[in-house]
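Taking the numbering used here, I'd label the letters of the sequence shown as residues 4 to 128.
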Amino acid sequence: MKFESNYHFSFENLIVYQKAIAFGEIINELVETFPHKETFRLTSQFSRAADSIAANISEGSASTDANFNRYLKMAWDSSHECVTWNTKAYLRKYISKEQYESNRALLTEKGKMISSLRRKLNIKN
């Protein structure tokens with residue numbers, strides 16, 4: 004996913020950040036189809052957790068390696084929180100089996116990327 008702007012931040016080069024931004028948009032579009040009764044429950048929780056993945060990556064990126072690692076852990080935690088909300092959405096029949104599996108695949112990919120980046124930061128220290 005490319006972002007058009009005259010200004011650039013280095014964390015935007017991170018593929019994991021780009022994928023996290025894209026995932027947040029996928030979830031935002033998906034939760035728009037959930038019933039109104041879920042607005043302040045599943046919808047807001049799922050959307051917040053999905054957006055939090057990219058937010059934590061960007062927030063921690065300008066800090067020390069140790070602090071960035073801490074923020075990456077929070078991003079990893081948010082991705083795992085999304086697994087729960089994805090499962091709840093599937094069990095409540097708000098998403099199809101295909102959407103459920105697709106989200107799980109995207110979350111697995113992001114989790115692996117975050118873990119790999121965390122290992123790289125730990126090796127540097």
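Using N, Cα and C, we set each Cβ at its ideal position, and we do this for glycine too.
These figures come from a predicted structure and were not determined experimentally.
Between the alpha carbons of E41 and E84 lies a gap of roughly 17 Å. Membership of S61 in the alpha helix (DSSP H) is indicated by the continuous run S47 to S64. Counting C-beta pairs with one atom in each stretch, the stretch 67-86 and the stretch 100-118 have three or more that are closer than 8 Å, which means they touch. Contact annotation: S8 and A52 have beta-carbon atoms that are not nearer than 9 Å.
Taking a cut-off of 8 Å on C-beta distances, the stretch 61-68 does not touch the stretch 89-100, as fewer than three cross pairs fall below it.
For F71, the uninterrupted alpha helix (DSSP H) segment begins and ends at D68 to L94.
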